[in-house]
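K.L.:
Taken in order, these protein sequences are the chains called A and B. For what it's worth, numbering that gives the first Met the number 0 labels the leading residue of the first sequence as 0, then goes sequentially. For what it's worth, numbering that gives the first Met the number 0 labels the leading residue of the second sequence as 0, then goes sequentially. Note that beta-carbon positions come from the ideal geometry of N, C-alpha and C, so glycine has one too. For clarity, every value in this text was computed on a predicted model and none was experimentally measured.
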Amino acid sequence: MTPRKVSTVALIVALAALPKILWGADTGRIQFENRQKGSGINFVLDNGTLPDKPMIDGIPGGVALLDYDNDGYLDIFFTNGASLPGLAKEGDKFSNRLYHNNHDGTFTDVTGRAGLRGEGYSVGAAAADYDNDGRTDLYVTGFNGNFLYHNNGDGTFTDVTAKAGVPGVSSAGKKLWGISAAWLDYDNDGKLDLFVANYLDWSFATSRVCGSPGKRLSCSPTLYQGEPNILYHNNGNGTFTDVSEDMGISRHVGKGMGVAIADYDDDGWMDIFVANDNDRNFLFKNRGGKTFDELGVESFVAYTESGLPVSSMGVDFRDWNNDGKPSLIITALGGETYPLFRNEGNGFFSYESYKAGIGLRSFKMSGWGAGIQDFDNDGYKDLFTANSHVNENADLDGQQHYRQANAVFRNLHDGTFQDMSDDAGPGMQIRAAHRGCAFGDLNNDGKIDVVVSAIGSPAELLYNTSTGGNHWILIKTVGVKSNRDGIGTRIKITTASRLVRYNHVTTAGSYASSNDPRVHFGLGADTLIKEIELKWPSGIIQVLHNVRADQFLTVNEE
Amino acid sequence: MRAVSLSLLLAAFTAWPAFAEPCKGAEAQLSQVSKALTVNALDIAENALRALSVSYPDCPEIVLHQARLAQAKGRISEAAGLYYRYTDTNPGDSRGLAYFGRFFLEQRDYMKADALSAAAVDKNPDDPAALVLRGQIYLMKGQSSAGQNLLEKAIKLDPDDPEAQFQLGTIYDKAKAAAQAVEHFRKAATLNPHDARAWDYLALNLEVVGDLDGTEQAYQKGLQVNQAGRYHDAFLDYNYGRFLAKRNDLSGSKRHLDRAVESAPQVRAVWFERAKLDMRLQNYQQARADAEKAHACTQQGGVIDLQIYSLLSQVYARLGDTALAKKYTDLTRETPPPVRGEQR
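(1) What residues of chain B sit near Asp278/A, judged by a beta carbon separation below 7 angstroms?
(2) Taking Val546/A as the reference, give the member of Val499/A, Trp176/A, Ile472/A with the closest Cα.
(3) By Cβ distance, which residues of its chain are closer than 8 angstroms to Asn238/B, with the 5 residues on each side in sequence left out?
(4) Tell me the rounded alpha-carbon separation between Gln30/A and Tyr302/A.
(5) If we cut at 8 angstroms on Cβ distances, does Val5/A have a partner in chain B?
(6) Is there at least one Cβ from chain B nearer than 8 angstroms to Gln567/A's Cβ?
(7) Closer than 8 angstroms is the cut-off here; do at least three beta carbon pairs connect the segment 378–394 of chain A with the segment 314–323 of chain A?
(8) Under the three-state reduction of DSSP, which class applies to Met256/A: helix, strand or coil?
(9) Anything in chain A within Cβ reach of Val207/B, meaning under 9 angstroms, just list it in chain order.
(10) List in chain order: all unbroken alpha helix (DSSP H) runs of 4+ residues lying wholly within the segment 114–168 of chain B.
(11) For chain A, find out if any of its Cβ atoms is closer than 8 angstroms to the Cβ of Lys173/B; answer yes or no.
(12) Please confirm whether Leu36/B has its beta-carbon closer than 8 angstroms to some beta-carbon of chain A.
(13) Answer with buried or exposed for Gly508/A, where buried requires no fewer than 16 other C-beta atoms within 10 angstroms of its C-beta.
(14) Rounded to whole angstroms, what is the Cα-Cα separation between Phe438/A and Gln372/A?
(15) Return the chain-ordered list of same chain residues with a C-beta closer than 6 angstroms to the C-beta of Ala16/A, the five sequence neighbours on each side being excluded.
(16) Let me make sure I understand the geometry here. Which of Asp375/A, Arg409/A, Ser365/A has the alpha-carbon closest to that of Tyr401/A?
(17) For the ligand ATP, I want to know if Ser481/A counts as a neighbour, meaning its beta carbon is within less than 7 angstroms of at least one of the ligand's heavy atoms.
(18) With DSSP collapsed to three states, give me the class of Asn41/A.
(19) Name the residue from Gln265/B, Asp257/B, Gln298/B whose alpha carbon lies nearest to the alpha carbon of Ala286/B.
(20) Measuring straight from C-alpha to C-alpha, what distance separates Gly247/A and Thr290/A?
(21) Identify, in the order they occur along the chain, each residue of the same chain with its Cβ nearer than 6 angstroms to the Cβ of Val266/B, setting aside the five sequence neighbours on each side.
(22) Are there 16 or more other CB atoms within 10 angstroms of the CB of Tyr109/B, so buried, or fewer, so exposed?
(23) Which one of Asp515/A, Val314/A, Asp45/A, Ala423/A has the shortest CA to CA distance from Gly445/A?
(24) For a test of the three-state rule: what should DSSP assign to Ala261/A, helix, strand or coil?
(25) How would you label Val338/B, buried or exposed, when you count the other beta carbons within 10 angstroms and need 16 or more for buried?
(26) Could you please give the first and the last residue of the uninterrupted beta strand (DSSP E) stretch that includes Lys363/A?
(27) I'd like to know if Leu323/B contacts chain A, where contact means its C-beta is closer than 8 angstroms to some C-beta of that chain.
(28) How would you label Pro212/A, buried or exposed, when you count the other beta carbons within 10 angstroms and need 16 or more for buried?
(29) Strictly below 7 angstroms CB to CB, what residues from chain A border Arg241/B?
(30) Do Phe374/A and Ile429/A have their CB atoms nearer than 8 angstroms?
(31) For Ser54/B, which beta-bridge partners are listed by DSSP?
(32) So for Gly523/A, helix, strand or coil by DSSP?
(33) Identify every residue that forms a DSSP beta bridge with His503/A.
(34) Please state whether the Cβ-Cβ distance between Arg279/B and Leu249/B is less than 8 angstroms.
(35) According to DSSP, is Gly152/A part of a helix, a strand, or is it coil?
(36) Give the interface partners of Thr221/A over in chain B, defined as CB-CB distance under 7 angstroms, in chain order.
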């Protein structure tokens with residue numbers, strides 16, 4: 000090697016180190032490792048498919064990450080399908096599953112003891128402590144039954160659906176097809192309310208058959224009428240009241256799949272976004288807990304920039320550009336691209352899929368679960384999508400694939416993202432019929448992991464093994480005047496190097512799934528947080544100073 | 000145009016030899032002329048024909064190619080006269096009927112094109128030129144499987160026919176089978192690099208399969224050859240402008256969408272697309288003007304009312320015109336989204 004060549008190499012090495020110097024954060028690679036094998040989790044989502052491929056068989060299944068026994072580790076709940084056309088959980092293969100986290104990378108199936116086997120064709124799950132007793136409860140949506148399971152605190156749950164009055168039935172008495180649900184305190188009264196996103200007016204009696212024999216395809220949802228969503232108000236005595244009509248929710252009929260919550264206009268009241276399949280999306284703006292106005296069209300999130308709906312499925316509603324304004328990512332089918340909407344803070348959102356660099360990349364993807372999470376702890380939230388086409392026979396179309404690999408898009412700190420999926424490790428190369436996914440720190444190492452459910456193949460436990468050594472904090476909120484989970488609390492942190500980051504407490508988001516209630520922040524190179532500001536739903540603003548990084552911080556409302 | 004009894008012409012079933020005696024010795028040159036005309040190499044064809052007509056003054060084949068040349072150069076009356084002359088004297092030649100049929104197709108006289116293409120295939124079911132035209136007519140009639148059969152047969156007989164490759168590509172394009180469409184459009188564009196349509200379709204389908212660099216190159220090649228004439232593509236700038244917008248080259252996109260609204264001002268889609276770009280550029284006044292023009296267009300180009308309402312609601316909201324914003328917001332809400340196909 001000549002001296003000139005040596006100096007060139009040295010220059011390249013020096014340049015490679017520049018990002019760390021410039022950003023103050025290590026730009027290590029985002030990596031995921033699937034540790035399902037040997038974990039004790041052998042769950043396989045069974046959709047009970049039939050040769051005619053009825054609408055229902057493409058729709059399951061959700062995942063919930065919840066610490067049901069308060070041991071500080073996230074446990075995992077999976078929803079499951081049922082036999083068709085009977086819509087019953089005949090045999091163990093259709094059972095929903097609860098797995099207890101043993102803290103060593105293994106899990107134990109505790110479904111039977113917990114009493115969470117379930118009934119009917121389950122779809123989604125939403126976890127939160129609705130009765131403020133300090134224990135996480137569970138709501139499960141489904142086609143022919145929604146269920147509220149109260150956590151008894153001894154490893155068991157009790158079905159309290161009837162007593163609580165949350166069966167997912169319309170005012171006319173029709174069971175609606177529940178997909179996703181979200182816990183939120185819409186009126187800031189300290190008690191968690193429940194929003195249920197409902198899908199289609201479909202039944203086996205009205206079911207259409209599409210495609211040709213042996214090559215059946217999932218019919219378009221445009222062949223069926225949509226259904227209204229439901230909002231249940233928590234009465235504080237173990238019962239709920241259906242306020243869908245009074246609150247302006249049920250007058251908007253859509254084809255709801257994903258639901259996410261955020262206070263998008265920073266007025267102190269949580270708003271609700273519903274991703275509708277081939278119909279305009281809904282943005283329910285909360286008017287001081289008194290009513291909701293549906294402002295999807297006015298806010299420019301009802302349709303894409305082309306003025307057309309897509310097959311909206313999963314959604315997440317968080318601040319991905321660190322301006323303090325929650326923005327949106329939505330998953331859709333191949334050929335549509337994933338809509339990415341940036342919240343401008345003036346009531347408008349701008350469609351930025353192409354500007355942000357995910358438009359052309361997601362064109363060939365079909366997605367369900369979705370998350371806006373900082374996977375490499377560099378202080379910038381990245382994007383994750385759980386991918387698969389809805390059609391089991393999608394491959395008949397040369398451009399589509401039923402089984403797809405999941406995708407991760409790295410935030411490049413300038414409003415754009417880079418598709419890192421191919422380089423994110425073997426765990427991200429698994430082609431499967433992925434559906435719901437949930438985000439959370441399974442092994443308490445400060446990195447956000449992902450659990451993905453897949454039809455016909457083992458669920459994936461994607462442990463985040465990203466390199467880089469960036470710092471982090473996970474904040475658990477304990478409400479006193481606010482709901483005990485602190486859901487709806489908006490958190491702003493300012494690091495020692497004056498980086499300002501935002502997030503909020505919610506378990507809702509993704510597709511039919513429920514995330515870690517702890518709020519995660521990547522801190523880059525910062526080991527100290529100068530200030531943490533929490534705006535509780537109660538209106539209390541709490542500020543903490545000089546908090547060290549790399550810890551699980553519990554904040555009690557005061 | 001001379002009135003000729005087409006029925007008489009079509010009724011003649013006398014087999015006509017490939018090359019009549021007066022053309023003996025010119026076969027190879029005539030074949031080259033035909034190929035040159037097929038790929039729009041008009042100067043080569045014209046020079047060769049000039050020389051041939053001196054050496055072989057009674058060769059009828061020369062008349063046929065002169066007709067094709069005149070057609071390609073836009074000399075319509077002359078072309079018609081030559082076609083009539085050729086088919087009068089050689090009524091049994093399927094190629095003559097096929098090329099004459101294509102002439103009528105380009106003149107949008109679909110009835111005559113239909114009749115001549117049918118007659119050409121009747122006369123010689125193995126004539127690629129006849130099969131291609133007939134296949135194309137079937138496609139236009141919505142009989143895609145019949146059209147596909149004929150086009151595939153034509154390609155088997157003559158894989159170097161760019162029009163056959165192009166037409167078959169359109170079948171796959173319509174079926175959203177982009178990989179197969181790419182295969183045929185690539186062949187069509189390679190065989191006839193003057194065909195801007197083929198480059199455009201190739202680019203569109205390359206984008207779908209994810210070959211973005213190939214897409215860019217195909218557009219560039221198409222733009223280089225996109226001139227007035229039979230292979231002109233009025234939507235090339237439109238499609239390239241859209242592609243550039245997706246790649247965040249907004250100034251490049253604007254340049255091409257500006258050209259698109261000039262070349263196809265009657266089509267709603269081009270104004271709509273430029274209005275969307277105006278919005279990204281935060282040029283809301285121009286967006287308003289373009290969106291309103293799109294609204295006024297009767298030729299939709301695939302853009303439905305819902306899209307216009309949605310765009311106008313955003314434009315007027317951005318401009319602070321609350322009354323018009325509300326009007327179009329209400330229209331957006333009232334207009335149901337399109338019902339897509341039965342299946343996903």
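P.N.:
Reading it off the structure:
(1) Taking the first residue of the first sequence as position 1, residue 278/A is located at position 279. Simply Pro336.
(2) Numbered from 1 along the first sequence, position 547 holds the residue referred to as residue 546/A. Among Val499/A, Trp176/A, Ile472/A, the Cα nearest to that of Val546/A is on Ile472/A.
(3) Locating residue 238/B in the second sequence gives position 239, counting from the first residue. Asp199, Ala202, Leu203, Tyr218, listed in sequence order.
(4) Counting from 1 along the first sequence, the entry for residue 30/A is found at position 31. Counting from 1 along the first sequence, the entry for residue 302/A is found at position 303. Taking the straight line from one Cα to the other gives about 33 angstroms.
(5) Locating residue 5/A in the first sequence gives position 6, counting from the first residue. Reliability of the predicted coordinates at Val5/A is poor, the pLDDT of 40 falling under 50, and no value is obtained from them.
(6) Lying outside 0 to 557, the shown extent of chain A, residue 567/A is not represented and no answer is given.
(7) yes
(8) Here residue 256/A refers to the residue found at position 257 of the first sequence. Correct three-state label for Met256/A: strand.
(9) In the second sequence, residue 207/B corresponds to position 208, counting from 1. Chain A residues near Val207/B: Gly334, Phe362, Lys363, Gln398.
(10) 127–139, 143–156
(11) Working through the second sequence from its first residue, we reach residue 173/B at position 174. By this cut-off, Lys173/B is not an interface position.
(12) In the second sequence, the residue the question calls residue 36/B occupies position 37. No, Leu36/B lies away from the interface with chain A (no Cβ there is under 8 angstroms from its Cβ).
(13) Within the first sequence, residue 508/A is the residue found at index 509, counting from 1. Gly508/A is buried by the Cβ-count criterion.
(14) As a first step, residue 438/A must be located in the first sequence, where it is residue number 439. As a first step, residue 372/A must be located in the first sequence, where it is residue number 373. Straight-line Cα distance between these residues: approximately 8 angstroms.
(15) Working through the first sequence from its first residue, we reach residue 16/A at position 17. Low per-residue confidence applies at Ala16/A: pLDDT is 42, beneath 50, and the placement is therefore not dependable, though the value from the model is reported in the following sentence. So the list is empty, once near-sequence residues are dropped.
(16) As a working mapping, residue 401/A is identified with position 402 in the first sequence. For Tyr401/A, the nearest C-alpha among the options comes from Ser365/A.
(17) The ligand ATP is absent from the structure shown, which contains no ligand whatsoever.
(18) Locating residue 41/A in the first sequence gives position 42, counting from the first residue. Correct three-state label for Asn41/A: coil.
(19) The residue you call residue 286/B lines up with position 287 of the second sequence. Looking at the Cα atoms, Asp257/B is the closest of the given residues.
(20) Here residue 247/A refers to the residue found at position 248 of the first sequence. Here residue 290/A refers to the residue found at position 291 of the first sequence. Cα to Cα, Gly247/A sits roughly 6 angstroms from Thr290/A.
(21) In the second sequence, residue 266/B corresponds to position 267, counting from 1. Answer for Val266/B: Gln298, Gly300, listed in chain order.
(22) Here residue 109/B corresponds to residue number 110 of the second sequence, with the count starting at 1. Burial call: exposed.
(23) Walking along the first sequence from the start, residue 445/A turns up at place 446. Nearest option by C-alpha distance: Asp515/A.
(24) Numbered from 1 along the first sequence, position 262 holds the residue referred to as residue 261/A. Reduced to three states, the DSSP call for Ala261/A is strand.
(25) On the second sequence, position 339 is the one that residue 338/B refers to. So Val338/B ends up on the exposed side.
(26) Here residue 363/A is taken as the residue at index 364 of the first sequence, counted from 1. Premise fails: Lys363/A is in no beta strand (DSSP E) and is neither H nor E.
(27) Taking the first residue of the second sequence as position 1, residue 323/B is located at position 324. With 8 angstroms as the cut-off, Leu323/B does not count as an interface residue toward chain A.
(28) The residue labelled residue 212/A in the question sits at position 213 within the first sequence. Exposed is the call here.
(29) By 1-based counting over the second sequence, the position of residue 241/B is 242. Within 7 angstroms Cβ-Cβ: nothing; Arg241/B doesn't reach chain A, min ~10 angstroms.
(30) Working through the first sequence from its first residue, we reach residue 374/A at position 375. Working through the first sequence from its first residue, we reach residue 429/A at position 430. No.
(31) As a first step, residue 54/B is located in the second sequence; it is residue number 55 there, counting from the start. The partner list for Ser54/B (beta bridge, DSSP) is empty, contrary to what the question assumes.
(32) Residue 523/A sits at position 524 when you count from the first residue of the first sequence. Gly523/A falls in the strand class under three-state DSSP.
(33) Within the first sequence, residue 503/A is the residue found at index 504, counting from 1. DSSP lists Arg489/A as partners of His503/A.
(34) Working through the second sequence from its first residue, we reach residue 279/B at position 280. Working through the second sequence from its first residue, we reach residue 249/B at position 250. A contact, by the Cβ cut-off of 8 angstroms.
(35) Position 153 of the first sequence, counted from the first residue, corresponds to residue 152/A. Coil at Gly152/A, not helix or strand.
(36) By 1-based counting over the first sequence, the position of residue 221/A is 222. Going along chain B in sequence order, the residues near Thr221/A (Cβ under 7 angstroms) are Val338, Arg339.
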